[in-house]
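K.L.:
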Amino acid sequence: MSTDIPEGKETAVQLADADFAIDGREHDLRSALLDYRSRIRAGELGALPAILGLISLVALFTALKPDTFLSKGNIANLSTQALPITILAMGLVFVLLLGEIDLSAGVASGVCAAVMAKLIADSGQPWYVAVISSVAIGIVIGTLIGWLVAVVRIPSFVVTLALFLGLQGVTLRMIGDGGTVPVRDGVIDALANKNMPIWLGWTLAGACVAGYTGTQLLRWRRQHVRRLHSRPLELVLVQSGLVALAVLFGTYLLSLDRAPSPLITLGGVPWGVPLVGVLLIVCTFVLGRTSYGRHIYAVGGNAEAARRAGINVTRIRISVFMIASGMAAVSGIVAASRLNSVTTDAGGGNTLLYAVGAAVIGGTSLFGGRGKARDAVFGGLVIAIIENGLGLLGTKAYLQFLITGVVLLLAASIDALARRRRSATGR
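Under the numbering used here, read the sequence shown as residues 82 to 508, first letter to last.
1. If you check the beta carbons only, do glycine 443 and aspartate 456 fall under 9 angstroms apart?
2. Grouping DSSP H, G and I as helix and E and B as strand, with all else coil, what is serine 494?
3. Using only CA atoms, which one of Thr167, Leu184 and Leu179 lies nearest to valine 560?
4. Report back the beta-carbon spacing between valine 174 and alanine 427 to the nearest angstrom; my notes put them in contact at under 8 angstroms.
5. Taking contact to mean 3 or more Cβ pairs, one atom from each stretch, closer than 8 angstroms, check whether the segment 141–150 and the segment 202–221 are in contact.
6. From alanine 157 to serine 311, what distance separates their C-alpha atoms?
7. Any idea what DSSP makes of valine 423, helix, strand or coil?
8. Helix, strand or coil for asparagine 431, going by three-state DSSP, please let me know.
9. Roughly how far, in whole angstroms, is the beta-carbon of leucine 164 from the beta-carbon of glycine 187, given that I think they are within contact range, below 8 angstroms?
10. Identify which residue in Asp338, Leu151 and Ser190 has its Cα closest to the Cα of threonine 167.
11. Of the residues Gln320, Pro351 and Ala465, which one's Cα is nearest the Cα of tyrosine 333?
12. Give me the Cα-Cα distance between glycine 460 and threonine 425, rounded to the nearest whole angstrom.
13. Note down, in chain order, each residue of its chain lying with its Cβ closer than 6 angstroms to the Cβ of aspartate 104, except the 5 sequence neighbours on either side.
14. If we call anything under 9 angstroms between Cβ atoms a contact, is leucine 335 one with valine 354?
15. Spatial neighbours of alanine 195 within its chain, please: CB distance less than 7 angstroms, with the 5 preceding and 5 following residues excluded, ordered by chain position.
16. According to DSSP, is valine 232 part of a helix, a strand, or is it coil?
17. Of the choices Ile392, Ala478, Asp266 and Ile464, whose alpha-carbon is the least far from that of leucine 434?
18. Quick one: what's threonine 346 bridged to in DSSP?
19. My assumption, with CB atoms under 8 angstroms, is that valine 441 sits in contact with alanine 492. Please give the rounded CB distance.
20. May I have the straight-line CA-CA distance separating arginine 308 from leucine 298, to the nearest angstrom?
21. Could you check the C-alpha separation between valine 139 and leucine 329 for me, to the nearest Å?
22. Quick one: is glycine 292 buried, meaning 16 or more other Cβ sit within 10 Å of its Cβ, or exposed?
23. What span of residues does the alpha helix (DSSP H) with threonine 252 cover, start to end?
24. Cutting at 6 angstroms between CB atoms, please list the residues of its own chain near serine 142, excluding the five before and the five after it.
25. Within the same chain, show all residues whose beta-carbon is closer than 6 angstroms to that of glutamine 249, passing over the 5 residues directly before and after it, in chain order.
26. Can you name, in chain order, every residue of its own chain whose Cβ lies under 7 angstroms from the Cβ of leucine 200, other than the five neighbours on each side?
27. Terminal residues of the continuous beta strand (DSSP E) containing valine 262?
28. Taking the alpha helix (DSSP H) that methionine 197 belongs to, which residues open and close that run?
29. With a 10 Å radius around its C-beta and 16 neighbouring C-beta atoms as the bar for buried, classify tryptophan 280 as buried or exposed.
30. Is it true that the CB of glycine 172 sits closer than 9 angstroms to the CB of serine 406?
31. How would you call serine 446, buried or exposed, if buried means at least 16 neighbouring beta carbons within 10 angstroms?
32. Tell me whether alanine 102 is buried or exposed, calling it buried when 16 or more other Cβ atoms sit within 10 Å of its Cβ.
33. If we count the other Cβ atoms within 10 Å of its Cβ and call it buried at 16 or more, is serine 220 buried or exposed?
34. Under the rule that 16 or more other beta-carbon atoms within 10 Å means buried, what is serine 342, buried or exposed?
35. Closer than 7 angstroms by C-beta to threonine 161: which residues in its own chain qualify, once you throw out the five before and the five after it? Chain order, please.
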């Protein structure tokens with residue numbers, strides 16, 4: 082019996098094999114660039130606006146203040162100035178991915194910082210007990226918010242607005258009217274005010290570059306061997322090279338001696354910078370390499386479809402608020418380290434607005450389903466550069482608020498227009 086298949090009568094298996102072969106074909110560099118251009122035209126901008134904004138702001142403030150903006154001391158100041166907002170924004174990314182909001186994250190960071198400071202100053206507890214207790218309080222606050230939103234079904238805006246008001250009262254009760262709790266622990270103080278040994282900074286930078294490059298090459302090889310769709314090797318090498326250049330150049334700048342007097346030496350990467358790096362790696366891994374991260378994107382994209390697919394939507398909603406408040410606690414600790422104290426207005430003012438602005442400016446969508454942990458880093462740098470640069474120019478306070486508000490509005494407008502463009506192109 083003949084097994085020949087008549088022309089035009091291919092089987093489903095053959096068609097599937099053909100599709101797999103086409104999908105498994107490795108694109109060349111030109112095809113990858115054309116694909117990237119088409120995705121940008123379709124509204125998938127990612128972190129591109131934030132990167133272009135960073136370049137533009139650096140060029141602008143360098144031209145306006147060439148002697149001070151790119152000075153060694155100011156670069157180090159920028160790296161520590163961005164720490165609290167970046168960490169807080171990184172936690173808010175998880176909430177924004179679901180299309181929710183946490184208005185209490187800023188004041189929650191203040192409450193957690195106050196708990197840490199009181200345990201150290203009044204109870205004489207070691208720093209690690211105070212830090213663990215602070216983060217635990219943050220997680221409890223996040224659990225309460227998540228339960229009210231996911232189980233009781235109160236809108237997150239209402240719940241977190243109520244806690245925004247209530248938690249300020251908690252901080253005021255703990256510290257007292259006009260009071261200040263000093264933070265004098267050496268380990269906590271080192272987070273934002275001390276620098277790593279230069280050799281350790283270079284060692285960590287080399288390890289980060291090697292780890293990132295190795296991970297990218299291993300991923301490319303695994304996709305290539307399995308004949309899955311993969312980026313061109315040239316593009317992988319270029320991307321790894323740019324990341325290596327940024328990390329090594331930043332380490333070089335922070336390792337320069339920036340002491341105002343020749344009698345002392347002041348150089349090295351601030352301890353808070355590798356803390357942000359570790360948090361970025363962990364959050365990126367969770368969102369991009371775990372089923373939990375995929376479930377977050379699924380719920381943010383379409384909660385009802387995710388529920389029908391078997392995802393526990395309630396648990397996902399509660400967990401993201403826990404993560405956001407836990408990260409808020411870490412942000413409050415770093416802010417207390419930078420100021421060497423905790424006051425009654427800790428985490429208030431513009432803290433939350435800057436953090437939400439950082440996440441949105443970095444590329445996280447307010448409508449849910451799109452965003453990455455790196456967005457918080459890019460956006461946090463944008464916010465810090467604006468604040469730092471305007472301060473160097475001696476800009477009046479009302480202009481700083483106006484300019485920062487315009488930048489946030491521009492970022493939200495880009496997000497809305499990109500979302501409309503994606504809908505129009507069916508992406």
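Just so you know, even glycine gets a beta-carbon here, dropped at the ideal spot from N, CA and C. This one's a predicted model, so the numbers in the text were calculated from it and none came from an experiment.
P.N.:
Well, looking at it:
1. yes
2. helix
3. No answer is possible for residue 560: the residues shown for the chain start at 82 and end at 508.
4. No, valine 174 and alanine 427 are not in contact; Cβ-Cβ is about 22 angstroms, not under 8 angstroms.
5. no
6. 38 angstroms
7. strand
8. coil
9. Contact flag wrong, Cβ pair sits at about 15 angstroms.
10. Ser190
11. Pro351
12. 27 angstroms
13. Unreliable positioning characterises aspartate 104 in this predicted model, as indicated by a pLDDT of 42, which lies under 50. A coordinate reading is not provided.
14. yes
15. Thr252, Met255, Ile256, Val262, Val423 and Ala427
16. coil
17. Ile464
18. Threonine 346 pairs with nothing; no bridge assigned.
19. 5 angstroms
20. 15 angstroms
21. 18 angstroms
22. exposed
23. 237–256
24. It should be noted that the sequence gives phenylalanine, not serine, for residue 142. The residues are Phe150 and Gly470.
25. Val188
26. Gln206, Val210, Ala211 and Ser214
27. 261–263
28. 186–202
29. exposed
30. yes
31. buried
32. Because the pLDDT of alanine 102 is 39, which lies under 50, any placement of that residue in the model is unreliable, and the question is left without a value.
33. Reading off the sequence, residue 220 comes out as isoleucine, not serine. Buried is the call here.
34. exposed
35. Ala273, Pro351, Gly353 and Arg419
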